[in-house]
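Encoded as structure tokens, the structure appears first; notes follow it.
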Amino acid sequence: MPWPTPGLGYSAIACARLGARRVVTLELDPCVLEVARQNPQSAELFDSGGVIDIKLGPAQETVTTLPDEAFSAVLHDPPRFSHAGELYSQAFYDQIFRVLKCGGRFFHYTGNPGSRSSIPKGVKERLIRSGFVNVKWIDKCQGLMAVKP
Numbered sequence: 001m002p003w004p005t006p007g008l009g010y011s012a013i014a015c016a017r018l019g020a021r022r023v024v025t026l027e028l029d030p031c032v033l034e035v036a037r038q039n040p041q042s043a044e045l046f047d048s049g050g051v052i053d054i055k056l057g058p059a060q061e062t063v064t065t066l067p068d069e070a071f072s073a074v075l076h077d078p079p080r081f082s083h084a085g086e087l088y089s090q091a092f093y094d095q096i097f098r099v100l101k102c103g104g105r106f107f108h109y110t111g112n113p114g115s116r117s118s119i120p121k122g123v124k125e126r127l128i129r130s131g132f133v134n135v136k137w138i139d140k141c142q143g144l145m146a147v148k149p
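Residue numbers (the UniProt record's numbering): 1 to 149.
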């Protein structure tokens, strides 16, 4: 079961359309969900026939309540580091590792913060410390892909 973050729900909707049996999506701000409800392009987020499960609350807390090895994939598209540094922390990545099944994939969108930024490098180092392998930058997606062995 994939786990993207909602925003307007496009990633969660795409996962469901691509055949995920269950998608758990996390959102901190109820106002963001209200904006998504008003957006016709986000309708499937709320009417997915039970495929998409929205959990409201801080991701760094919500992830601790999720069961071990419950997810085959996690798509992480957090706010930028300066707004949500906790979502780039070692403790958070350790939790992602815990909830992924063996062989599960983790994609972390970081964007392209500029050639001077060390954000992707720091993320990669923390992912490796968490136990992830095959941690690679995917240029066309502007993020890191990692695998739980």
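Glycine is no exception: its CB is placed at the ideal position from the N, C-alpha and C atoms.
Subject >> Own chain, CB closer than 7 Å to residue 97, minus 5 neighbours either side, in chain order >> reply: Excluding its 5 nearest sequence neighbours in each direction, residue 97 has C-beta neighbours in its own chain below 7 Å: 130, 131, 132 and 148, listed in chain order.
**OP:** Could you check what DSSP says for residue 94 in three-state terms: helix, strand or coil?
**Re:** Residue 94 sits in a helix when the DSSP states are folded into three classes.
Subject >> Cutoff 6 Å; reference residue 111; Cβ partners in own chain excluding five residues on either side >> reply: Taken in chain order, the residues that qualify are 142.
Original post:
residue 20 by DSSP, collapsed to three states: which one?
Top reply: Three-state DSSP puts residue 20 in coil, outside helix and strand.
Subject >> Three-way DSSP call (helix, strand, coil) for residue 148 in this model >> reply: Under the three-state reduction of DSSP, residue 148 is assigned to coil, being neither helix nor strand.
**OP:** For the segment 40-47 and the segment 67-87, state whether three or more C-beta atom pairs, one from each stretch, are separated by less than 8 Å.
**Re:** Look at the beta carbons and you see the segment 40-47 not touching the segment 67-87: under three pairs across the two are nearer than 8 Å.
**OP:** Put residue 105 into one of helix, strand or coil per three-state DSSP.
**Re:** In the three-state DSSP reduction, residue 105 falls in the strand class (E or B).
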